[in-house]
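Visitor:
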Amino acid sequence: MKLKVLPPTLRKNNHYLILDVKSEVEMSKDDMVAPIWDACIRFWGENASSNFNLWVMRHYFLGRKGEKNEAFFNYKTIVRCGRGYEDDVRAAFSTLTRYNRKRISINTIGISGTVKSGIKKFVETDGFAVDKY
Amino acid sequence: MKFYDMNMRGANYNHDLSMIKEASRFGWDYINLNYSLDGFKESLKYKDELIEEASSLDRPVEIDMGINLRNSNSGEMQKAAKKYRNKTNMISCLGGDLKLNRSCLESYKLDVLSRPYFKRRDSGMNHVLAKEAVKHNVAVELCFRDILHNHLKYRANVIASFKEILMFHRKFNFPLILTTDSKSLYDIRSTRDMVAFFKSIGFTNQEIINGFYHYPKQIIDFNRERENMVVQGVKVIKGATDFSDVRRGADENIDESLFEDEEIFIEDDDEFLQDDVSFGDDGSFENDLNGEDEL
Chain A
0 MKLKVLPPTL RKNNHYLILD VKSEVEMSKD DMVAPIWDAC IRFWGENASS NFNLWVMRHY
60 FLGRKGEKNE AFFNYKTIVR CGRGYEDDVR AAFSTLTRYN RKRISINTIG ISGTVKSGIK
120 KFVETDGFAV DKY
Chain B
0 MKFYDMNMRG ANYNHDLSMI KEASRFGWDY INLNYSLDGF KESLKYKDEL IEEASSLDRP
60 VEIDMGINLR NSNSGEMQKA AKKYRNKTNM ISCLGGDLKL NRSCLESYKL DVLSRPYFKR
120 RDSGMNHVLA KEAVKHNVAV ELCFRDILHN HLKYRANVIA SFKEILMFHR KFNFPLILTT
180 DSKSLYDIRS TRDMVAFFKS IGFTNQEIIN GFYHYPKQII DFNRERENMV VQGVKVIKGA
240 TDFSDVRRGA DENIDESLFE DEEIFIEDDD EFLQDDVSFG DDGSFENDLN GEDEL
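Respectively, the protein sequence lines represent chains A and B.
The first sequence runs 0 to 132 under numbering that gives the first Met the number 0.
The second sequence runs 0 to 294 under numbering that gives the first Met the number 0.
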C-alpha cells in the first residue's frame, strides 16, 4: 500500500539551485546524479549530506561550445536542495572538477523557490525555449 | 562590492579572451592575467586589443597583466622583480620553499607571495614570516585551484593550510588575497560560489570581502602610485609647483558648513551607555533589557 502524502506543514521546505554544467562528455539527467552526490559527500561527509535532500529535477542541453581542446557540452540543470543548505550545496558543487576521469565544471547561477520561476529566470534568459514546465 | 581575481593564468590571445568572457558571465569585475617572464613579453603585443575587447563585453571587465615568477630562487626573484617592477602592476612569486617564502616576504619590490603551502605538508608560514609580510606589505595568496585539483587527503591538507594562514592573518593582519588561479574554462567558478566555499571553511564575510576586493584594490592602487614614490612614505605630487599651492588648493575645497555650530555631542552619555548593551562583531548591538525598560 502506498504511503499517504504528508500535509504541507509536515513537509520539508525546499529551494532549487539552477546549475550551469560544462562537461567534456555528453551527460543525461541520470548521469548528473552521481557527480552531484559525489561532490557533496566528498566535501561535507555522509552525515551533513543527509540534510541536503538532493534531487535532480530538470536537465536541459544548451549546445556544444568552446574551441578545440576546450570544447564542452553545456547544460542547465535544476537541483532540489533543503532550505537553509543552499550555500553548503553550492560550495560542494564548486569543488567538483572531474568525474570518471572526465572534466566537469558546475557553477550555481541562481536559487529559486519553485522550479517554474527558476526556469523562467535562469534558463529561458539564455534564449533557450523550454517546451513545458 | 566588486570581485577582483588577481591570478588568472594567461596563455595566448584566443585563450585569454574566452576566459575573460566566461569570467565576465560569472560576475568577475577585474581580472589580472598572470604570465611567466617570457609569456609576459608576448602578452604585451596584444594587451591593448584584449583590453578593448574586455571593455566592450555586455558586462565590461577591467583587465591587467602581471608576472608570476615560478621555479626561481631568491636571487633570480630579486633580479626579475627589479627589472620588471615599472612595467607591471603586479609581481607575484610562487612559494613553497621556506627560504623563498622568507625572501619574498622581505622584499619591498614584490606584491604577492603566491601559495606558500605549495608542495608542503605544512602551511609554509609562521609568526616570523607573518610579521615580515606586515612590515613589507606583501600579500599572501590562497588559490582555489589547489582545492580543485587535489583530492581526499591532499585536499584536506590544503584546507588545513588555508585555515592556519587565516589564523596568522587574524593575529598579525597581513594582506591576504583570495584568487582562482584558473587555467582553463573548467576552472572558472562564479563569484557567489567562491564566497560560499570560503565561508564554508571558516572565513568570515569581512575576510572574504577583503580577500576579493579591498586588498587586491590596495595593491593595484599602490602600484599605480609607485612611480611617484621617491622613498617609502614620500610621494611626488604631480602638477604642484610648491607645497603652498597644494595647501591653498586643499583649503579652498573644504566644506565650511562642517564648522558651523551644531550640537553634535550629547552631554549625558551615561544614561545611554548601560552595562547590559553589548555590541556584536558586525556592529549590531543587542540589549538584555526586558519589557518596559527598552531604550
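Beta carbons are placed, not taken as given, at the ideal position from N, Cα and C, and that holds for glycine.
1) How would you list, in chain order, the residues of chain A whose beta-carbon sits under 7 Å from the beta-carbon of B/I208?
2) Evaluate B/N31 with the Cβ neighbour count: other Cβ atoms within 10 Å of its Cβ, from every protein chain shown; 16 or more gives buried, anything less gives exposed.
3) Please decide whether A/I108 counts as near chain B, where near means a Cβ-Cβ distance under 8 Å.
4) May I ask you to report which of helix, strand or coil DSSP gives B/K204?
5) Checking 8 Å against the spacing of the C-beta atoms, do B/F39 and B/F211 come in under that value?
6) Which residues in the same chain have their Cβ closer than 8 Å to the Cβ of A/S93, if we skip the five residues on either side of it in sequence?
7) Can a CB atom of chain A be found closer than 8 Å to the CB of B/Y116?
8) Name the chain A residues whose beta carbon is nearer than 8 Å to that of B/H135?
9) In the structure shown, what three-state DSSP assignment does B/R144 receive?
10) Quick one: residues in its chain with C-beta nearer than 7 Å to the C-beta of A/A91, no 5 flanking neighbours on either side, listed in chain order?
11) Using a Cβ-Cβ cut-off of 8 Å (strictly less than) and excluding sequence neighbours within five positions of A/R63, which residues of its own chain qualify?
12) In three-state DSSP terms, what is A/K119?
13) Run the CB neighbour count on A/G117, radius 10 Å, all protein chains shown included, and call it buried at 16 or more, exposed below.
14) In angstroms, rounded to a whole number, what distance separates the CA positions of A/K115 and A/H58?
15) Determine the burial state of A/V14: buried for a count of at least 16 other Cβ atoms within 10 Å of its Cβ, exposed for fewer.
16) Determine, for A/K120, whether the minimum Cβ-Cβ distance to residues of chain B falls below 8 Å.
17) Roughly how far, in whole angstroms, is the beta-carbon of A/I77 from the beta-carbon of A/M56, given that I think they are within contact range, below 8 Å?
18) Going by DSSP, name the residue or residues bridged to A/K21.
19) Let me confirm a value: B/D269 is counted as buried when at least 16 other C-beta atoms fall within 10 Å, else exposed. Which label applies?
20) Sort out for me which residues DSSP pairs B/M228 with in a bridge.
21) Can you name the residues of chain B whose CB is closer than 8 Å to the CB of A/A90?
22) Buried or exposed: which applies to B/T179, given that a residue is buried once 16 or more other Cβ atoms fall within 10 Å of its Cβ?
23) Taking 8 Å as the threshold (C-beta atoms), are B/N33 and B/I62 in contact?
24) In the structure shown, what three-state DSSP assignment does B/T178 receive?
25) Counting only the same chain and skipping the five closest in sequence on each side, list residues whose C-beta sits under 8 Å from that of B/Y12.
26) In the stretch 15–26 of chain A, which residues sit with their C-beta less than 7 Å from some C-beta in chain B, listed in chain order?
27) When you compare only the Cα positions, how much space is there between B/A132 and B/A155?
28) Can you confirm whether B/Y12, when its beta carbon is compared against all beta carbons of chain A, has any partner nearer than 8 Å?
29) Residues in its own chain within less than 8 Å of B/L112 by CB, not counting five upstream and five downstream?
30) If I measure Cβ to Cβ from B/G201 and keep anything under 8 Å in the same chain, skipping five residues before and after, which residues do I get?
31) Any idea if B/H126 is buried or exposed, counting beta-carbon neighbours within 10 angstroms, 16 or more meaning buried?
32) Suppose the cutoff is 7 Å on Cβ atoms and the five residues either side in sequence are ignored; what does the same chain contact list for A/D136 look like?
33) Beta-carbon within less than 6 Å of B/Y29's beta-carbon, same chain only, minus the 5 sequence neighbours each way: which residues are those?
34) Measure how close the beta-carbons of A/C80 and A/L16 come, nearest whole angstrom, since I'm counting them as under 8 Å.
35) Taking just the CA atoms, how far does B/M18 sit from B/K182?
36) Name the two residues that bound the continuous beta strand (DSSP E) containing A/D37.
Guide: According to the structure shown:
1) Working through the second sequence from its first residue, we reach residue 208 of chain B at position 209. Taking a Cβ-Cβ threshold of 7 Å, none of the residues of chain A is close to B/I208; the smallest such distance is about 16 Å.
2) Looking up residue 31 of chain B in the second sequence gives position 32. So B/N31 counts as buried.
3) One-based indexing of the first sequence puts residue 108 of chain A at position 109. A/I108 counts as touching chain B.
4) The sequence position of residue 204 of chain B within the second sequence is 205, counting from 1. Contrary to the premise, residue 204 of chain B reads as Asn rather than Lys in this sequence. Correct three-state label for B/N204: helix.
5) The sequence position of residue 39 of chain B within the second sequence is 40, counting from 1. The sequence position of residue 211 of chain B within the second sequence is 212, counting from 1. Cβ distance not < 8 Å, so B/F39 and B/F211 don't count as in contact.
6) The sequence position of residue 93 of chain A within the first sequence is 94, counting from 1. Setting aside the 5 residues that flank it on each side, A/S93 is surrounded in the same chain by I105, N106 and T107, each with a C-beta closer than 8 Å to its C-beta; the list follows chain order.
7) Stepping through the second sequence from its first residue, residue 116 of chain B is reached at position 117. So no, B/Y116 is outside the interface.
8) Here residue 135 of chain B refers to the residue found at position 136 of the second sequence. Here the premise fails: no neighbours, minimum Cβ distance about 33 Å.
9) Here residue 144 of chain B corresponds to residue number 145 of the second sequence, with the count starting at 1. Looking at B/R144 - three-state DSSP - the assignment turns out to be helix.
10) The residue given as residue 91 of chain A occupies position 92 in the first sequence. Cβ within range, chain order: A38, C39, F42 and W43.
11) On the first sequence, residue 63 of chain A is found 64 positions in, with the first residue counted as 1. Contacts found: A70, F71, F72 and N73.
12) Within the first sequence, the letter at position 120 stands for residue 119 of chain A. If DSSP states are grouped into helix, strand and coil, A/K119 belongs with the helices.
13) On the first sequence, residue 117 of chain A is found 118 positions in, with the first residue counted as 1. Buried is the call here.
14) Walking along the first sequence from the start, residue 115 of chain A turns up at place 116. Walking along the first sequence from the start, residue 58 of chain A turns up at place 59. Spanning the two alpha carbons is a distance of roughly 13 Å.
15) Residue mapping note: residue 14 of chain A aligns to position 15 of the first sequence, counting from 1. Reading the sequence as shown, one finds His at residue 14 of chain A and not Val. By the Cβ-count criterion, A/H14 is buried, with 16 or more other Cβ atoms from all chains shown falling within 10 Å of its own Cβ.
16) As a first step, residue 120 of chain A is located in the first sequence; it is residue number 121 there, counting from the start. Not one beta carbon of chain B lies nearer than 8 Å to the beta carbon of A/K120.
17) As a working mapping, residue 77 of chain A is identified with position 78 in the first sequence. As a working mapping, residue 56 of chain A is identified with position 57 in the first sequence. Going by Cβ atoms, the distance from A/I77 to A/M56 rounds to 4 Å, so yes, they are a contact pair.
18) The residue labelled residue 21 of chain A in the question sits at position 22 within the first sequence. A/N73 and A/S104, per the DSSP bridge assignment.
19) If you number the second sequence from 1, residue 269 of chain B lands on position 270. Bear in mind that a pLDDT of 49 at B/D269, under 50, signals an unreliable position, so the number given afterwards is only what the model happens to contain. Residue burial annotation: B/D269 is exposed, with fewer than 16 other C-beta atoms found within 10 angstroms of its C-beta.
20) Residue mapping note: residue 228 of chain B aligns to position 229 of the second sequence, counting from 1. In the DSSP output, where bridge partners are listed per residue, B/M228 has B/K234.
21) Here residue 90 of chain A refers to the residue found at position 91 of the first sequence. Chain B residues near A/A90: D192, A195, F196, K198 and S199.
22) As a working mapping, residue 179 of chain B is identified with position 180 in the second sequence. Per the 10 Å Cβ criterion, buried.
23) Position 63 of the second sequence holds residue 62 of chain B. Position 34 of the second sequence holds residue 33 of chain B. No, Cβ-Cβ distance for B/I62 and B/N33 is not below 8 Å.
24) Mapped onto the second sequence, residue 178 of chain B falls at position 179. When secondary structure is reduced to three states using DSSP, B/T178 falls in the strand class.
25) Start at 1 with the first residue of the second sequence, and residue 12 of chain B comes out as number 13. Apart from the 5 residues on each side of it in sequence, B/Y12 sits with its Cβ closer than 8 Å to the Cβ of Y45, E48 and L49 in its chain, given in chain order.
26) Against chain B - using a Cβ distance shorter than 7 Å - the residues of the stretch 15–26 of chain A are K21.
27) As a working mapping, residue 132 of chain B is identified with position 133 in the second sequence. As a working mapping, residue 155 of chain B is identified with position 156 in the second sequence. Distance between the alpha carbons of B/A132 and B/A155: 25 Å.
28) Along the second sequence, one-based indexing puts residue 12 of chain B at 13. It does not: the Cβ of B/Y12 has no partner Cβ on chain A nearer than 8 Å.
29) The sequence position of residue 112 of chain B within the second sequence is 113, counting from 1. Closer than 8 Å at the Cβ level, and outside the excluded window around B/L112, lie S91, C92, G94, N100, C103, L104, A132, V137, A138, V139 and E140.
30) In the second sequence, residue 201 of chain B corresponds to position 202, counting from 1. Closer than 8 Å at the Cβ level, and outside the excluded window around B/G201, lie K162 and L165.
31) Mapped onto the second sequence, residue 126 of chain B falls at position 127. By the 10 Å Cβ count, B/H126 comes out exposed.
32) Past the boundaries of the shown model lies residue 136 of chain A; chain A is included only from 0 to 132, so the question cannot be answered.
33) Against the second sequence, residue 29 of chain B aligns to sequence position 30. Within the same chain, B/Y29 has close Cβ partners Y3 and E61.
34) Walking along the first sequence from the start, residue 80 of chain A turns up at place 81. Walking along the first sequence from the start, residue 16 of chain A turns up at place 17. With a Cβ gap of about 6 Å, A/C80 and A/L16 count as contacting.
35) Against the second sequence, residue 182 of chain B aligns to sequence position 183. Against the second sequence, residue 18 of chain B aligns to sequence position 19. So the two alpha carbons sit approximately 9 Å from each other.
36) Mapped onto the first sequence, residue 37 of chain A falls at position 38. Per DSSP, A/D37 lies in no beta strand (DSSP E) segment; the continuous alpha helix (DSSP H) that holds it begins and ends at K28 to S48.
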